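Asker: To convert, note that position 55 of the sequence shown is 55 in my numbering; the numbers rise steadily by one, no gaps. For glycine and all other residues, C-beta sits at the position ideal for the given N, C-alpha and C. Keep in mind it's a predicted model, so treat the numbers as computed, not measured.
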Amino acid sequence: MILAPPTSRGQSVWLHVGTLLNGTSRTPGRDAHVVYRGDTILFVGPDGRTPPRDLLRPGQEKPDVSAPDATLLPGLIDAHAHLFLEGGELSPEKRATYLKQTPADLLLHARARLEKLVRLGIAGVRDAGDKDGVGLALSKICASDARPLMPYVESPGAAIYHQGRYGGFMGDALENYVSPDACVAARVAAGADRIKLIPTGIINFKRAQVTSEPQMNTEEIALLVAAAKARNRQTFAHASGDRGIDHVIAGGVDSVEHGFFIRDDQLARMRDQRTAWVPTFSPVQKQVEHAALMGWDKPVTANLREILERHATSLVRAHELGGIIIAGSDAGSVGVAHGYGLVEELELMERAGLSAITVINAATGVSAERFAYQEKLGKIAPGYRSRFILTEYSPLKTVANLRQPRVVVFDGAVFETELSTSDCGM
Ligand SMILES: [Zn+2]
1 MILAPPTSRG
11 QSVWLHVGTL
21 LNGTSRTPGR
31 DAHVVYRGDT
41 ILFVGPDGRT
51 PPRDLLRPGQ
61 EKPDVSAPDA
71 TLLPGLIDAH
81 AHLFLEGGEL
91 SPEKRATYLK
101 QTPADLLLHA
111 RARLEKLVRL
121 GIAGVRDAGD
131 KDGVGLALSK
141 ICASDARPLM
151 PYVESPGAAI
161 YHQGRYGGFM
171 GDALENYVSP
181 DACVAARVAA
191 GADRIKLIPT
201 GIINFKRAQV
211 TSEPQMNTEE
221 IALLVAAAKA
231 RNRQTFAHAS
241 GDRGIDHVIA
251 GGVDSVEHGF
261 FIRDDQLARM
271 RDQRTAWVPT
281 FSPVQKQVEH
291 AALMGWDKPV
301 TANLREILER
311 HATSLVRAHE
321 LGGIIIAGSD
331 AGSVGVAHGY
341 GLVEELELME
351 RAGLSAITVI
361 NAATGVSAER
371 FAYQEKLGKI
381 APGYRSRFIL
391 TEYSPLKTVA
401 NLRQPRVVVF
411 DGAVFETELS
421 TSDCGM
């Protein structure tokens, strides 16, 4: 196990590592020095460049940790998770019972996950919505002076969908407002950090396609996007099925979430518009892994595999085209645990054919740059938060190495972490 640095409160900590992944560069830094104090990175020097003395403790002559075999990378960001849901739970009955709890109890359970996420190396979570105010409450706690040990959390509050269509379990219908603008205004007034739209249905696994009509047309999405922009909020859209994805791209949202059955021409248009893609392989992968329990027969399971293969091909295509790819696990979905699920998602992206560095950047700096989080996380750079992972198991060999024992630094505090694959009940 790598030597853990001391906790940094008021004093500087100096690390010297063999490999530095800064969150955005595709070229790893070598022989790198990093100095941080408390929650802030002060100095980053690759290629053996040592820090100026005035940033160090008086009389400090050598690094607190010198680890030529270690890799330092930013703490991970899950750009799509539902913190109100218990992801590891597989039983439909137990999931249904869980959701019958009061909003206060749902919040209590969600709060209990936060410290665990920090210890796993999760620096930030872009919550993808709930109708009971759980995400909004967490976002407020995160921004408060009474913040407990927790990752950065932001939330859209209730997702926007059409009455009678998919999304009722996490949304508040557009029909409840006099106009799209009034709907977005209400979200922002409630504290939404960004606006979540549900413009399509979900995949019909038996037929291996999205069989329902899109919920929203382009004009409606454009109105919602304009209302959000007017209030300085980004928009993200649940969208699967190429017809619905057409509406979403033309409507000008900041990101397509899921995007199953996306076409290559859509990926090219997204690149041109800088529309990000959060492909969320995990929820479908879990349906394959637990096919029998989910009640899927052989033909349906074959459909699921085909959907995943097609999604993998699209992911590689998106990368070749130069599109913005961002990692999100959809944790909270059936079988997708918070924290652990993100590492699994990264493995699926790598298995699809992306390089480890592309996948890591998708869960760190690329995510931070495109989604403009309110805390400076996701990069190893001066002024950014001191939230990183220190490991002797190179994640450049495979991102699966992020399961190996590692040290997590979070705003200067230090945790020694062993990600157990069996312990996934959150
Ligand atoms: Zn979701």
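1) Is D411 near ligand 1, with its Cβ less than 7 Å from a heavy atom?
2) Using beta-carbon positions only, say whether G244 and P214 come within less than 8 Å of one another.
3) Within 8 Å, do at least three Cβ pairs link the segment 312-323 to the segment 48-66?
4) Please report the distance separating the alpha-carbon of A413 from that of F261.
5) Within 10 Å of its beta-carbon, does R194 have 16 or more other beta-carbons around it, so buried, or fewer, so exposed?
6) If you run the structure through DSSP and keep just helix, strand and coil, what is D423?
7) Have a look at T421 and L120 and give me their C-alpha separation to the nearest angstrom.
8) Touching or not, the segment 380-387 and the segment 20-30, by the rule of three or more beta carbon pairs under 8 Å?
9) Please work out which residues of its chain come closer than 7 Å, Cβ to Cβ, to D39, disregarding the five sequence neighbours upstream and downstream, and give them in chain order.
10) Please tell me whether, using a cut-off of 7 Å, the distance from the CB of A128 to the nearest non-hydrogen atom of ligand 1 is below it.
11) Measuring CA to CA, which of Q374, Q209, I221 is closest to C183?
12) Taking its Cβ as the centre, do 16 or more other Cβ atoms sit within 10 Å of K196, making it buried, or is it exposed?
13) Given that a residue counts as buried once 16 or more other Cβ atoms are within 10 Å of its Cβ, and exposed if not, what is Q285?
14) Quick check on the DSSP output: the beta strand (DSSP E) that includes R387 runs from which residue to which?
15) Could you tell me if T7 is buried or exposed, where buried requires 16 or more neighbouring beta carbons within 10 angstroms of its beta carbon?
16) Based on DSSP bridge pairs, tell me the residues matched to D54.
17) Going by C-alpha to C-alpha distance, which of C142, A146, P103 sits closest to D130?
18) Just the C-alpha distance for N401 and T218, rounded to the nearest angstrom, thanks.
19) Is the separation between the beta-carbon of L106 and that of D132 shorter than 8 Å?
20) I'd like the list of long-range same chain contacts for K94, defined as Cβ closer than 6 Å, with 5 residues on each side in sequence excluded.
21) Just tell me which of G323, L85, V366, A291 has its CA closest to the CA of S333.
22) I want to know whether the segment 364-376 touches the segment 150-164 - three or more CB-CB distances under 8 Å.
23) Using a Cβ-Cβ cut-off of 8 Å (strictly less than) and excluding sequence neighbours within five positions of E306, which residues of its own chain qualify?
24) Please say whether I122 and G75 have beta carbons closer to each other than 8 Å?
25) Taking only three categories from DSSP, how would you classify Y373?
26) Where G251 and S144 are concerned, what is the direct C-alpha to C-alpha distance, given to the nearest angstrom?
27) Identify every run of the beta strand (DSSP E) within the segment 116-187, keeping only runs that are complete inside it and at least 3 residues long; order them along the chain.
28) Since E289 is in the alpha helix (DSSP H), which residue starts that stretch and which ends it?
29) May I ask whether a heavy atom of ligand 1 can be found less than 7 Å away from the beta carbon of H162?
30) Does the Cβ of D423 have 16 or more other Cβ atoms within 10 Å, making it buried, or fewer, making it exposed?
31) At the level of alpha carbons, what is the spacing between E350 and V399?
32) To the nearest angstrom, how far is the alpha carbon of L174 from that of I2?
33) Throw me the rounded Cβ distance for the I324 and A276 pair, which I believe falls under 8 Å.
34) Taking only heavy atoms of ligand 1 into account, decide whether any of them is closer than 7 Å to the Cβ of A330.
35) With 16 as the cutoff for other CB atoms within 10 Å, does P405 come out buried or exposed?
36) Anyone know if the C-beta pair for V34 and L15 falls short of 8 Å?
Answerer: Taking the coordinates as given:
1) The residue labelled residue 411 in the question sits at position 411 within the sequence shown. If you check the C-beta of D411 against ligand 1, you find no heavy atom less than 7 Å away.
2) Translated into the one-based positions of the sequence shown, residue 244 becomes position 244. Translated into the one-based positions of the sequence shown, residue 214 becomes position 214. In this structure, P214 lies closer than 8 Å to G244 by Cβ.
3) No: the two stretches stay apart, fewer than three of their Cβ pairs being nearer than 8 Å.
4) The residue you call residue 413 lines up with position 413 of the sequence shown. The residue you call residue 261 lines up with position 261 of the sequence shown. Rounded to whole angstroms, A413 and F261 show a C-alpha spacing of 43 Å.
5) Numbered from 1 along the sequence shown, position 194 holds the residue referred to as residue 194. Classification of R194: buried, given that the 10 Å Cβ count is 16 or more.
6) Taking the first residue of the sequence shown as position 1, residue 423 is located at position 423. Caution is warranted here: a pLDDT of 49 is assigned to D423, below 50, making its placement in the model unreliable, and no coordinate value can be reported.
7) On the sequence shown, residue 421 is found 421 positions in, with the first residue counted as 1. On the sequence shown, residue 120 is found 120 positions in, with the first residue counted as 1. Any reading at T421 needs caution, since the residue's pLDDT is 48, under 50, leaving its predicted position unreliable; the model's value is listed next. If you draw a straight line from the Cα of T421 to the Cα of L120, it comes to about 12 Å.
8) Under the Cβ criterion (8 Å, minimum of three pairs), the segment 380-387 counts as touching the segment 20-30.
9) Looking up residue 39 in the sequence shown gives position 39. Correct list, in chain order: R385, S386, D411, G412.
10) Against the sequence shown, residue 128 aligns to sequence position 128. Relative to ligand 1, the beta carbon of A128 is positioned inside 7 Å of a heavy atom.
11) If you number the sequence shown from 1, residue 183 lands on position 183. Closest option to C183, Cα to Cα, is I221.
12) What you label residue 196 is simply residue 196 of the sequence shown in a count that begins at 1. With 16 or more neighbouring CB atoms inside 10 Å of its own CB, K196 falls in the buried class.
13) Mapped onto the sequence shown, residue 285 falls at position 285. Buried, by the Cβ-count rule.
14) For this step, residue 387 is matched to residue 387 along the sequence shown. Start and end: 387-391.
15) Counted from its first residue, the sequence shown places residue 7 at position 7. Counting Cβ neighbours within 10 Å, T7 comes out exposed, since fewer than 16 surround it.
16) Taking the first residue of the sequence shown as 1, we reach residue 54 at position 54. According to DSSP, which records beta bridges pairwise, D54 is partnered with nothing at all.
17) As a working note, residue 130 is residue 130 in the sequence shown. Out of C142, A146, P103, P103 has the C-alpha closest to the C-alpha of D130.
18) Taking the sequence shown and counting its residues from 1, the one referred to as residue 401 is at position 401. Taking the sequence shown and counting its residues from 1, the one referred to as residue 218 is at position 218. C-alpha separation (whole angstroms): 42 Å.
19) Residue mapping note: residue 106 aligns to position 106 of the sequence shown, counting from 1. Residue mapping note: residue 132 aligns to position 132 of the sequence shown, counting from 1. Yes, Cβ-Cβ distance for L106 and D132 is below 8 Å.
20) The residue you call residue 94 lines up with position 94 of the sequence shown. Excluding sequence neighbours, K94 sits near nothing in its chain.
21) Counting from one through the sequence shown, the residue named residue 333 turns up at place 333. Selected option, being the one with the closest Cα: L85.
22) With a cut-off of 8 Å, the segment 150-164 and the segment 364-376 count as touching, because enough Cβ pairs lie within range.
23) Within the sequence shown, residue 306 is the residue found at index 306, counting from 1. Result list for E306: A208, in chain order.
24) Here residue 75 refers to the residue found at position 75 when the sequence shown is read from its first residue. Here residue 122 refers to the residue found at position 122 when the sequence shown is read from its first residue. With contacts defined by Cβ atoms closer than 8 Å, G75 and I122 form a contacting pair.
25) Position 373 of the sequence shown, counted from the first residue, corresponds to residue 373. Looking at Y373 - three-state DSSP - the assignment turns out to be coil, as it is neither helix nor strand.
26) Here residue 251 corresponds to residue number 251 of the sequence shown, with the count starting at 1. Here residue 144 corresponds to residue number 144 of the sequence shown, with the count starting at 1. Going from the Cα of G251 to the Cα of S144 covers about 34 Å.
27) Taking only runs of at least 3 residues, the beta strand (DSSP E) segments lying wholly in the segment 116-187 are 122-127, 152-154, 159-161, 171-173.
28) As a first step, residue 289 must be located in the sequence shown, where it is residue number 289. Looking at the DSSP string, the run of the alpha helix (DSSP H) that includes E289 is 282-289.
29) Counting from 1 along the sequence shown, the entry for residue 162 is found at position 162. The answer is no for H162.
30) Mapped onto the sequence shown, residue 423 falls at position 423. Caution applies to D423, whose pLDDT of 49 falls short of 50 and renders its modelled position unreliable; the value that the coordinates give is listed next. With fewer than 16 other CB atoms across the displayed protein chains lying within 10 angstroms of its CB, D423 is exposed.
31) Locating residue 350 in the sequence shown gives position 350, where the first residue counts as 1. Locating residue 399 in the sequence shown gives position 399, where the first residue counts as 1. Going by C-alpha positions, E350 is about 7 Å away from V399.
32) Counted from its first residue, the sequence shown places residue 174 at position 174. Counted from its first residue, the sequence shown places residue 2 at position 2. A straight line joining the alpha-carbon of L174 with that of I2 spans about 52 Å.
33) Translated into positions along the sequence shown, residue 324 becomes position 324. Translated into positions along the sequence shown, residue 276 becomes position 276. Rounded, the Cβ-Cβ distance is 4 Å, consistent with contact.
34) In the sequence shown, residue 330 corresponds to position 330, counting from 1. For the sequence presented, residue 330 should be read as Asp rather than Ala. In this structure, the C-beta of D330 approaches ligand 1 to less than 7 Å from one of its heavy atoms.
35) As a working mapping, residue 405 is identified with position 405 in the sequence shown. P405 is exposed by the Cβ-count criterion.
36) Position 34 of the sequence shown, counting from 1, holds the residue named residue 34. Position 15 of the sequence shown, counting from 1, holds the residue named residue 15. The answer is yes: Cβ separation under 8 Å.
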